[in-house]
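Peer 1: According to our numbering, numbering within the sequence shown proceeds without interruption in unit steps and concludes at 165.
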Amino acid sequence: MDKAQFLNDRHLPFAKVLGLKFVAASETGVKAEMVVRPELCTRPDVLHGGAIMAFADTLGAASTVLNLPEGKGTTTIESKTNFVGPAPVGATVIGETTPVHRGRRTQVWTTRITTAEGKLVAVVTQTQMVL
Numbered sequence: 035m036d037k038a039q040f041l042n043d044r045h046l047p048f049a050k051v052l053g054l055k056f057v058a059a060s061e062t063g064v065k066a067e068m069v070v071r072p073e074l075c076t077r078p079d080v081l082h083g084g085a086i087m088a089f090a091d092t093l094g095a096a097s098t099v100l101n102l103p104e105g106k107g108t109t110t111i112e113s114k115t116n117f118v119g120p121a122p123v124g125a126t127v128i129g130e131t132t133p134v135h136r137g138r139r140t141q142v143w144t145t146r147i148t149t150a151e152g153k154l155v156a157v158v159t160q161t162q163m164v165l
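1. With DSSP as the reference, label Ala38 as helix, strand or coil.
2. Compute the Euclidean distance between the alpha carbons of Thr115 and Gln39, then round it to the nearest angstrom.
3. For the stretch 120–130 against the stretch 145–157, do three or more pairs of beta-carbon atoms, one drawn from each stretch, fall closer than 8 Å, so that the two count as touching?
4. Please go through the same chain and pick out, in chain order, the residues whose beta-carbon is closer than 6 Å to the beta-carbon of Leu41, but skip the five residues on each side of it.
5. Return the chain-ordered list of same chain residues with a C-beta closer than 8 Å to the C-beta of Ile111, the five sequence neighbours on each side being excluded.
6. For Leu52, which option in Ser113, Met87, Gly152, Pro122 has the closest C-alpha, if you only look at C-alpha atoms?
7. To test your reading of the DSSP string, which unbroken alpha helix (DSSP H) runs of 4 or more residues are found completely within the stretch 35–86?
8. Using the Cα positions of Pro47 and Gly94, report the straight-line distance between them to the nearest angstrom.
9. Hey, Gly119 and Lys65: beta-carbon distance below 7 Å or not?
10. Helix, strand or coil for Val123 per DSSP?
11. Flag this pair as yes or no: are the beta carbons of Leu81 and Val70 separated by less than 7 Å?
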């Protein structure tokens, strides 16, 4: 089974609430997209910072899952977000996660979130603990 489809089929409840769809996935990162819906926005109708962080957190966790030994789990222990620009309601945002460090105890990932037109929305760096 394709790894992106595997992640989509995992039935991650919060990812479904966000409307997140994985479009590519491997041990070296994932790519997903999400449509900016009004219920994910703040005023004036731009994607809420918390939704941006949740989108990136989901991608970092998914990237870690693809690198875990059998029987192991993961949790986020640190996350830093630089907000760069807005994503208006109706836009599609694309998140691309790449590894900084893939160790036995921790993994560090950077996620760049852009609009479909390529405008940078945010850069998120997070650390995942291997449980």
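Beta carbons: idealized from backbone N, C-alpha and C, even for Gly.
Peer 2: Put simply:
1. On the sequence shown, residue 38 is found 4 positions in, with the first residue counted as 1. Helix.
2. On the sequence shown, position 81 is the one that residue 115 refers to. On the sequence shown, position 5 is the one that residue 39 refers to. Distance between the alpha carbons of Thr115 and Gln39: 27 Å.
3. yes
4. Start at 1 with the first residue of the sequence shown, and residue 41 comes out as number 7. Answer for Leu41: Phe56, Ala59, Ala96, listed in chain order.
5. Looking up residue 111 in the sequence shown gives position 77. Counting only Cβ-Cβ distances below 8 Å, and skipping sequence neighbours, we find Thr140, Thr161, Gln162, Met163.
6. Counting from one through the sequence shown, the residue named residue 52 turns up at place 18. With distances taken between Cα atoms, Leu52 lies closest to Met87.
7. 37–43, 47–52
8. For the purposes of this step, residue 47 is taken as the residue at position 13 of the sequence shown. For the purposes of this step, residue 94 is taken as the residue at position 60 of the sequence shown. Pro47 and Gly94: Cα-Cα distance of roughly 16 Å.
9. Sequence index remark: in the sequence shown, residue 119 carries index 85 (1-based). Sequence index remark: in the sequence shown, residue 65 carries index 31 (1-based). No.
10. Counted from its first residue, the sequence shown places residue 123 at position 89. In the structure shown, Val123 sits in coil (DSSP, three-state: anything other than H, G, I, E or B).
11. In the sequence shown, the residue the question calls residue 81 occupies position 47. In the sequence shown, the residue the question calls residue 70 occupies position 36. In this structure, Val70 lies closer than 7 Å to Leu81 by Cβ.
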